[in-house]
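Colleague:
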Amino acid sequence: MIGPRPGRGTRLALWLPLGWLVATIAVPTGLVLLLAFRRLADRIPPVEPLWSQAAGHGRLNLSLESIVAVATDPLYAAAFGHALANALATTLLCVLIGYPLAYAIALAPARRRPFYLLLAVVPFWTSFLMRTYAWMGLLRDSGPVNSLLLALHLADRPVHLLYSPAGVLIVMVYSYLPFFLLPMYAVLERLPREVLEAAADLGARPFYAFRTVTLPLSLRGLLAGAVLVFIPAMGEYIIPDLVGNTQTILIGGVLWNEFFQNRDWPTAAAIALLTTLTIALPFAAGALLRRRLRAA
Amino acid sequence: MAAGARWRSFSLAGGFAFLYVPILWIIVYSFSAATVVGVWKGFSWRWYAGLLDNEDFRLAAERSLLLAVVAATLATALGTLAGYALARGPRVVGRRPLAVLLGVPLFVPEILVGFSLLLLFVALESVLGVPVGKGLVPLVAAHATLGLPVVASVVYARLAGTDRHYEEAALDLGARPPRVFLTVTLPLLRPALASGWMLAFTLSFDDVVTSSFLAGPSATTLPLFVYSSIRIGVTPEINAVGTLIVVTVAACVVIAMLRGRLAAQARLPPARDAGPQ
Numbered sequence: 043m044i045g046p047r048p049g050r051g052t053r054l055a056l057w058l059p060l061g062w063l064v065a066t067i068a069v070p071t072g073l074v075l076l077l078a079f080r081r082l083a084d085r086i087p088p089v090e091p092l093w094s095q096a097a098g099h100g101r102l103n104l105s106l107e108s109i110v111a112v113a114t115d116p117l118y119a120a121a122f123g124h125a126l127a128n129a130l131a132t133t134l135l136c137v138l139i140g141y142p143l144a145y146a147i148a149l150a151p152a153r154r155r156p157f158y159l160l161l162a163v164v165p166f167w168t169s170f171l172m173r174t175y176a177w178m179g180l181l182r183d184s185g186p187v188n189s190l191l192l193a194l195h196l197a198d199r200p201v202h203l204l205y206s207p208a209g210v211l212i213v214m215v216y217s218y219l220p221f222f223l224l225p226m227y228a229v230l231e232r233l234p235r236e237v238l239e240a241a242a243d244l245g246a247r248p249f250y251a252f253r254t255v256t257l258p259l260s261l262r263g264l265l266a267g268a269v270l271v272f273i274p275a276m277g278e279y280i281i282p283d284l285v286g287n288t289q290t291i292l293i294g295g296v297l298w299n300e301f302f303q304n305r306d307w308p309t310a311a312a313i314a315l316l317t318t319l320t321i322a323l324p325f326a327a328g329a330l331l332r333r334r335l336r337a338a
Numbered sequence: 710m711a712a713g714a715r716w717r718s719f720s721l722a723g724g725f726a727f728l729y730v731p732i733l734w735i736i737v738y739s740f741s742a743a744t745v746v747g748v749w750k751g752f753s754w755r756w757y758a759g760l761l762d763n764e765d766f767r768l769a770a771e772r773s774l775l776l777a778v779v780a781a782t783l784a785t786a787l788g789t790l791a792g793y794a795l796a797r798g799p800r801v802v803g804r805r806p807l808a809v810l811l812g813v814p815l816f817v818p819e820i821l822v823g824f825s826l827l828l829l830f831v832a833l834e835s836v837l838g839v840p841v842g843k844g845l846v847p848l849v850a851a852h853a854t855l856g857l858p859v860v861a862s863v864v865y866a867r868l869a870g871t872d873r874h875y876e877e878a879a880l881d882l883g884a885r886p887p888r889v890f891l892t893v894t895l896p897l898l899r900p901a902l903a904s905g906w907m908l909a910f911t912l913s914f915d916d917v918v919t920s921s922f923l924a925g926p927s928a929t930t931l932p933l934f935v936y937s938s939i940r941i942g943v944t945p946e947i948n949a950v951g952t953l954i955v956v957t958v959a960a961c962v963v964i965a966m967l968r969g970r971l972a973a974q975a976r977l978p979p980a981r982d983a984g985p986q
């Protein structure tokens, strides 16, 4: 059975959402791409018209100005570098914290697992903004985190966490942890227990068994979760804006400022384009390489 | 084995404490009478009472609720069709593009989604000559787009785990596919629709980034109101707003999950290839 015969109704079920997504995702992506090649102008919207008539000639107004400017200005490269470092550190910490938690949930007794899973999912959907806000209170110089550090003698005077890159990293990890947790759990939960038992029966110490059996078997989930953290983290704007300082501005913040403050739409589009390409290229290359290796 | 049990308890306790302490902190201090956040001066409702008198808050909250309801409904309608087309539809041209486009909002930073959608509405404005660039209409369209893939994946997962025999029986008895969809598939999907709708609702009700691009000055949503307030600093009043938002959203999520689970146990036949659990 392949499914209902392709009638008008089932075709509609496909084409209605497809049409919607083409209009709201594919077309706008094309518009960003096009905008990156247009010139800034003093009008609303602040770009030159695509087509203009001058001295009897029609002229297509496209240029590489914005793209070249973004690609060569060290300011943008620095912001990109900060964002990359921040996103990589966030991803790494999410893996280090999320893996043991996901594994512990997966190994919990079956009747308690749905409850733990619910506990893991609720923050995922709970107001992102409010969770960032909570940390603004916790990280203040006089806040609970600093009180704890002082009480444990880990610091002898309050550490400036709020409005610092360290604070941004803490809140990033906190906000993105569920993105890692869920795919990681989904994979770990399905690991065949017999394999682990076999490793134990054959005399493998728990850590050795983990390193040689569990970890390789769950690597796919780990990578999927890491990608789900890394990509949105690269574009993050709200957390650095609320918790970070004004010196370390990330690429998302630069895009935001170009768009909202400088009203330089072509530059914002060029940043979007180059950032997406730089993130996407390694993934595309990886996928291609894997296909080649499999074919060989 | 004791060592194994110990690290597991430690991971669970530490991980969940990390996830929940900040949320509990907001809730607890929203009930403190003190004007400074983080100081406990006895229980008080004063910050909640203050909110009732705050016109900006009330308007933003009403607008966000309306927006989230409409956007979630639209997302559910389109997402259900998409999930159905992928799980049950014939293998025709357009399936793969649909699957790819559904994945985009997951894999692209949200700032790009908001930015590109604004460009769409600006372009529409200049093509149609109608001022639709900013406001509630673009917000509904944008939030529906954010919710669509979530609903589609919930519906797809439900259909993939449900036997096709019911639909096949209806087809064999001569019902045409649209009728089968309405009278057999949709009722089977009810729990998935409920949880998909609620998840789309929370996505919309919580959205800052996309809304910043599309709201304009006339359609400040609750998250935008909160965002502009907390850029100035931490206040007990925002703790109260936060508690209300967190409780609303968490309730939606818990209900969505429990409904999905209970309904699945009560009504649906065992799935053919359900994994462990």
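Here the protein sequences come in this chain order: A and B. Going left to right, the first sequence walks through residues 43 to 338 as this note's numbering numbers them. Going left to right, the second sequence walks through residues 710 to 986 as this note's numbering numbers them. By construction, the Cβ of each residue, glycine as well, lies at the ideal position given by its N, Cα and C atoms.
Smallest Cα separation from ALA770 of chain B: which of B:VAL943, B:SER937, B:ILE954?
Modeller: B:ILE954
Colleague: Quick one: list the residues of chain B neighbouring VAL158 of chain A, beta-carbon separation under 9 Å, in chain order.
Modeller: The question names Val, yet the displayed sequence has Tyr at residue 158 of chain A. Those are LEU721, PHE725, listed as they occur along chain B.
Colleague: Against chain A, with Cβ distances strictly below 8 Å, would SER825 of chain B count as a contact?
Modeller: yes
Colleague: Can you tell me the Cβ-Cβ gap for GLU300 of chain A and ILE321 of chain A, rounded? I've got them flagged as a contact below 8 Å.
Modeller: No, GLU300 of chain A and ILE321 of chain A are not in contact; Cβ-Cβ is about 18 Å, not under 8 Å.
Colleague: Strictly under 8 Å for the Cβ-Cβ distance: is PRO59 of chain A near chain B by that measure?
Modeller: yes
Colleague: So the candidates are B:ALA781, B:SER753, B:GLU876; which of them puts its Cα closest to the Cα of GLY905 of chain B?
Modeller: B:ALA781
Colleague: In chain order, what residues of the same chain lie with their CB nearer than 6 Å to the CB of PRO945 of chain B, ignoring the 5 residues before and after it?
Modeller: Answer for PRO945 of chain B: VAL746, TRP756, listed in chain order.
Colleague: Which residues does DSSP pair with GLY100 of chain A in a beta bridge?
Modeller: According to DSSP, which records beta bridges pairwise, GLY100 of chain A is partnered with A:GLN95.
Colleague: Of all the options A:SER94, A:ALA131, A:ILE139, which has the alpha carbon lying nearest to the alpha carbon of MET226 of chain A?
Modeller: A:ILE139
Colleague: Is LEU908 of chain B helix, strand or coil when you go by DSSP?
Modeller: helix
Colleague: Are the beta-carbon atoms belonging to ALA146 of chain A and ARG717 of chain B less than 8 Å from one another?
Modeller: Cβ atoms of ALA146 of chain A and ARG717 of chain B: closer than 8 Å.
Colleague: Just to confirm the assignment, what range does the alpha helix (DSSP H) spanning THR342 of chain A have?
Modeller: Look at the range of chain A in this structure, 43 to 338, and you will see that residue 342 of chain A is not part of it.
Colleague: Thinking C-beta only, is ALA251 of chain A closer than 8 Å to LEU264 of chain A?
Modeller: no
Colleague: How would you write the range of the alpha helix (DSSP H) that GLY747 of chain B sits in, first residue to last?
Modeller: Taken as a continuous stretch (DSSP letters only), GLY747 of chain B belongs to no alpha helix (DSSP H), as it is neither H nor E.
Colleague: With burial defined as no fewer than 16 other Cβ atoms inside 10 Å of the residue's Cβ, what is the status of SER862 of chain B: buried or exposed?
Modeller: buried
Colleague: Comparing C-alpha positions only, which one of B:ASN948, B:GLU819, B:ILE941, B:ALA794 sits nearest to SER921 of chain B?
Modeller: SER921 of chain B has its Cα closest to that of B:GLU819, out of B:ASN948, B:GLU819, B:ILE941, B:ALA794.
Colleague: Strictly under 8 Å for the Cβ-Cβ distance: is THR288 of chain A near chain B by that measure?
Modeller: No, no contact with chain B.
Colleague: Out of B:HIS874, B:ARG867, B:PRO926, state which residue places its alpha-carbon closest to the alpha-carbon of ALA796 of chain B.
Modeller: B:ARG867
Colleague: Who are the Cβ neighbours of TRP177 of chain A in its own chain at under 6 Å, not counting the five residues just before and after it?
Modeller: VAL213
Colleague: Any C-beta of chain B within less than 9 Å: which residues of the segment 178-205 of chain A qualify?
Modeller: MET178, GLY179, LEU180, ARG182, SER184, GLY185, PRO186
Colleague: If you check the beta carbons only, do LEU316 of chain A and ALA113 of chain A fall under 8 Å apart?
Modeller: yes
Colleague: Secondary structure at LEU82 of chain A, three-state DSSP: helix, strand or coil?
Modeller: strand
Colleague: Please classify VAL737 of chain B: is it buried, with 16 or more other beta-carbons within 10 angstroms of its beta-carbon, or exposed?
Modeller: By the 10 Å Cβ count, VAL737 of chain B comes out exposed.
Colleague: For the alpha helix (DSSP H) containing ARG336 of chain A, list its first residue and its last residue.
Modeller: 307-337
Colleague: Go through its chain and collect everything with a Cβ distance to THR785 of chain B's Cβ below 7 Å, but skip five positions before and after it.
Modeller: VAL860, LEU902, GLY905, TRP906, ALA909
Colleague: Per DSSP, what kind of secondary structure is PHE740 of chain B in: helix, strand or coil?
Modeller: coil
Colleague: Here's the rule: buried if 16 or more other CB atoms are within 10 angstroms of the residue's CB, otherwise exposed. What is ASN128 of chain A?
Modeller: buried
Colleague: Please classify ALA878 of chain B as buried or exposed, where buried requires at least 16 neighbouring CB atoms within 10 angstroms.
Modeller: Its Cβ having fewer than 16 others within 10 Å, ALA878 of chain B is exposed.
Colleague: Name the residue from B:GLY724, B:VAL917, B:THR929 whose alpha carbon lies nearest to the alpha carbon of CYS136 of chain A.
Modeller: B:GLY724
Colleague: Measuring CB to CB, does VAL89 of chain A end up less than 8 Å from ARG80 of chain A?
Modeller: Contact: yes.
Colleague: Indicate whether at least one CB of chain A lies closer than 8 Å to the CB of THR740 of chain B.
Modeller: Note that residue 740 of chain B corresponds to Phe in the displayed sequence, not to Thr. So no, PHE740 of chain B is outside the interface.
Colleague: What residues of chain A sit near TYR793 of chain B, judged by a beta carbon separation below 7 Å?
Modeller: ALA55
Colleague: Indicate whether the contact test is met: 3 or more Cβ pairs, each with one atom in the segment 220-234 of chain A and one in the segment 151-162 of chain A, closer than 8 Å.
Modeller: Counting Cβ pairs under 8 Å, three or more are found: they touch.
Colleague: My guess is that LEU77 of chain A and LEU811 of chain B are in contact by the Cβ rule of under 8 Å, so how many angstroms apart are they, rounded?
Modeller: Taking a contact as a CB-CB distance under 8 Å, the pair LEU77 of chain A and LEU811 of chain B does not count as one, their CB atoms being some 25 Å apart.
Colleague: Taking the continuous alpha helix (DSSP H) assigned at LEU765 of chain B, which residues delimit it?
Modeller: Reading the sequence as shown, one finds Asp at residue 765 of chain B and not Leu. Segment 764-796, the alpha helix (DSSP H) holding ASP765 of chain B.
Colleague: Since ILE735 of chain B and THR952 of chain B should fall inside the 8 Å C-beta cutoff, what is the C-beta to C-beta distance between them, to a whole number of angstroms?
Modeller: 6 Å
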